[in-house]
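Protein chains in written order, with our numbering: chain A, 2 to 249; chain B, 146 to 343. Glycine residues also receive a C-beta, built at the ideal position from the N, C-alpha and C atoms. It should be emphasised that the depicted structure is a prediction, and the values quoted were computed from it without experimental measurement. Down below is the structure, laid out as structure tokens.
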């Protein structure tokens, strides 16, 4: 096994590309990220590590705009993310230049996934160590989309998904609790999923909301307010569960 | 016979361009918009070879947008002007763009500004600028009547006087003109001065 995991271009006898799998491990160590698609809103949420007191948090934006109508969040190696995001931004403008039209969400996702795949089939390079969640509204049909890519270069569309640390717990939560939502309800669902694995509080999560008007980063105070709402709802649900038991 | 001119007023800048698209003796259309809205607070009036005009202005527009996504803030007018000049200069000794540009912009900290950029990559920051045969008349008119801190109405009246001069004195004068303005509220179309409908 040790012989087959050094170079990316070498398959192992049982059909694994170990470098790609190790890249996926790197993603699993990255911060938690979640994306939820609603009917008129798509929400991206990312875990923020609050241990860095002296750092200017405004310089570390984890949810970025690729174009007016497309946003991206990622989990994994942030330096790799910078490179990929830069290439994607160039492609968004290049597409506008050549065909006079903005990219669709699927197009740019396919482009990013294509880039990630290229690095799984070259000599002397390693794959990008990140998975991305790409959201946006189709500029022609207005349909909302959420896509995910990973280091192997595969991509697919999702109603809701999570990546990074504890993504399995978040995905389980989403599978159990997902329903078609819109507006504030979509934001709440995304934050609830994130709170399953992240310490509660506005300073530990970064949330951005994509609507047809564009991307809006939520203020810490706003997030705190929604978190408080969620906690209150949870407490009420707990109380309701306990109350009938007492009566018997 | 293309004509583009512009001027700076109090808190705004104006760009006026003719709207004819001509090939030899044929007028393709007389409502061709040659003043591109570069971003929310910049106007780029361009005259010259039609293909080069489209190619260069669109290229600049997309690069200005890319800068904004990468850096989170828009380019200043001065930076955009210098970027354009650099691109023209690089292409000059290989494959020059035959485009003359009047760039007008509004920056929050420095106010309105106007730049004269010609096809051989000359860059001048100016209060009034003009290109084409119409420049002989427009510049003379502006030299006579322009003063610092004009209001929008005064500037529009001066622009109209320039257009009148061009219409009456240029042998093959363009039929229609478009006026665009940029101020703190952004870049937008102001009005047209037509003699024919397309």
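Problem - Residues of its chain near residue 1 (chain A), where Cβ-Cβ distance is below 6 Å and the 5 sequence neighbours each way are ignored - result: Here chain A comprises residues numbered 2 to 249, so residue 1 (chain A) is not present and cannot be evaluated.
Handout entry: Chain-ordered chain A contacts of residue 215 (chain B) [CB-CB under 8 Å]
Key = 87, 90
Practice task
Please compile the residues from chain B whose C-beta is within a distance smaller than 8 Å of the C-beta of residue 68 (chain A).
Solution key: Going along chain B in sequence order, the residues near residue 68 (chain A) (Cβ under 8 Å) are 214.
Handout entry: Unbroken stretches of the beta strand (DSSP E), 3 residues or longer, contained in the segment 21-93 of chain A
Key = 34-38, 43-48, 64-68, 71-77
Practice task
May I ask you to verify whether the segment 122-140 of chain A touches the segment 35-47 of chain A, counting CB pairs closer than 8 Å and requiring at least 3?
Solution key: yes
Exercise for the section: Note down the Cα distance separating residue 182 (chain A) from residue 42 (chain A), rounded to an integer number of angstroms. Expected result: 8 Å
Exercise for the section: Pull up the distance between the alpha-carbon of residue 66 (chain A) and that of residue 170 (chain A), whole angstroms please. Expected result: 27 Å
Problem - Meets three-Cβ-pair contact criterion under 8 Å: the segment 146-156 of chain B and the segment 296-316 of chain B - result: yes
Practice task
Please confirm if the segment 266-284 of chain B is in contact with the segment 197-217 of chain B, defined as three or more CB-CB distances below 8 Å between the two stretches.
Solution key: no
Practice task
Measure the C-alpha to C-alpha separation of residue 233 (chain A) and residue 127 (chain A) and round it to an integer number of angstroms.
Solution key: 46 Å
Problem - Residue closest to residue 278 (chain B), alpha-carbon to alpha-carbon, out of B:192, B:160, B:168 - result: Comparing Cα-Cα distances from residue 278 (chain B) to each of B:192, B:160, B:168, the minimum goes to B:192.
Problem - Those residues which DSSP pairs with residue 171 (chain B) across a bridge - result: Per DSSP, B:168.
Exercise for the section: Report yes or no: do three or more beta-carbon pairs, one from the segment 200-220 of chain A and one from the segment 47-55 of chain A, lie closer than 8 Å? Expected result: yes
Exercise for the section: Examine the Cβ distances between the segment 239-257 of chain B and the segment 322-329 of chain B and report whether three or more of them are shorter than 8 Å. Expected result: Contact between the segment 239-257 of chain B and the segment 322-329 of chain B is present, because at least three Cβ pairs lie under 8 Å.
Practice task
Please state whether DSSP places residue 190 (chain A) in a helix, a strand or coil.
Solution key: helix
Handout entry: Rounded C-alpha distance that separates residue 170 (chain B) from residue 308 (chain B)
Key = 22 Å
Exercise for the section: Would you verify that the beta carbon of residue 171 (chain B) is, or is not, closer than 8 Å to some beta carbon of chain D? Expected result: Structure shown: chain D not included; protein chains present are A and B.
Problem - Counted within 10 angstroms of its Cβ, other Cβ atoms place residue 237 (chain B) as buried (16 or more) or exposed - result: By the C-beta density criterion, residue 237 (chain B) is exposed, having fewer than 16 other C-beta atoms within 10 angstroms.
Exercise for the section: Taking residue 122 (chain A) as the reference, give the member of A:236, A:238, A:12 with the closest Cα. Expected result: Nearest to residue 122 (chain A) by alpha-carbon distance, out of A:236, A:238, A:12, is A:12.
Handout entry: Exposure of residue 222 (chain B), with buried meaning 16 or more beta-carbon neighbours within 10 Å
Key = buried
Exercise for the section: Report the partner residues of residue 269 (chain B) according to the DSSP bridge assignment. Expected result: B:261
Handout entry: Residue-level contact to chain A via CB, residue 204 (chain B), 8 Å cutoff
Key = yes
Handout entry: Three-state secondary structure assigned by DSSP to residue 212 (chain B)
Key = helix
Exercise for the section: Report yes or no: is there a C-beta of chain A within less than 8 Å of the C-beta of residue 283 (chain B)? Expected result: So no, residue 283 (chain B) is outside the interface.
Practice task
Give the DSSP-derived three-state secondary structure of residue 316 (chain B) in the structure shown.
Solution key: coil
Practice task
Could you tell me which of B:256, B:189, B:228, B:266 sits nearest to residue 243 (chain B), measuring between CA atoms?
Solution key: Looking at the Cα atoms, B:266 is the closest of the given residues.
Problem - Cβ neighbour criterion (16 or more within 10 Å) applied to residue 185 (chain A) - result: exposed
Problem - Where residue 162 (chain B) falls: helix, strand or coil (DSSP) - result: strand
Handout entry: Cutoff 8 Å: residue 210 (chain B) Cβ touching any chain A Cβ
Key = Yes - at least one Cβ of chain A is within 8 Å of the one on residue 210 (chain B).
Handout entry: Residue interval of the alpha helix (DSSP H) (run including residue 169 (chain A))
Key = 168-178
Exercise for the section: With a 10 Å radius around its C-beta and 16 neighbouring C-beta atoms as the bar for buried, classify residue 185 (chain B) as buried or exposed. Expected result: In summary, residue 185 (chain B) is exposed, with fewer than 16 beta-carbon neighbours lying within 10 Å of its beta-carbon over all protein chains present.
Practice task
Return yes when the C-beta of residue 208 (chain B) is under 7 Å from any heavy atom of the ligand SAH, and no when it is not.
Solution key: With respect to the ligand SAH, the structure shown offers nothing to examine, as it has no ligands at all.
Problem - Other residues of its chain near residue 260 (chain B): CB distance less than 6 Å, five sequence neighbours each side excluded - result: 226, 248, 270
Practice task
Indicate whether at least one CB of chain A lies closer than 8 Å to the CB of residue 207 (chain B).
Solution key: yes
Problem - Helix, strand or coil at residue 213 (chain A) according to DSSP, with G and I counted as helix - result: coil
Practice task
Answer yes if the segment 189-205 of chain B comes into contact with the segment 157-169 of chain B, meaning at least three C-beta pairs across the two stretches below 8 Å, and no otherwise.
Solution key: The segment 157-169 of chain B makes contact with the segment 189-205 of chain B; the number of CB pairs closer than 8 Å reaches 3 or more.
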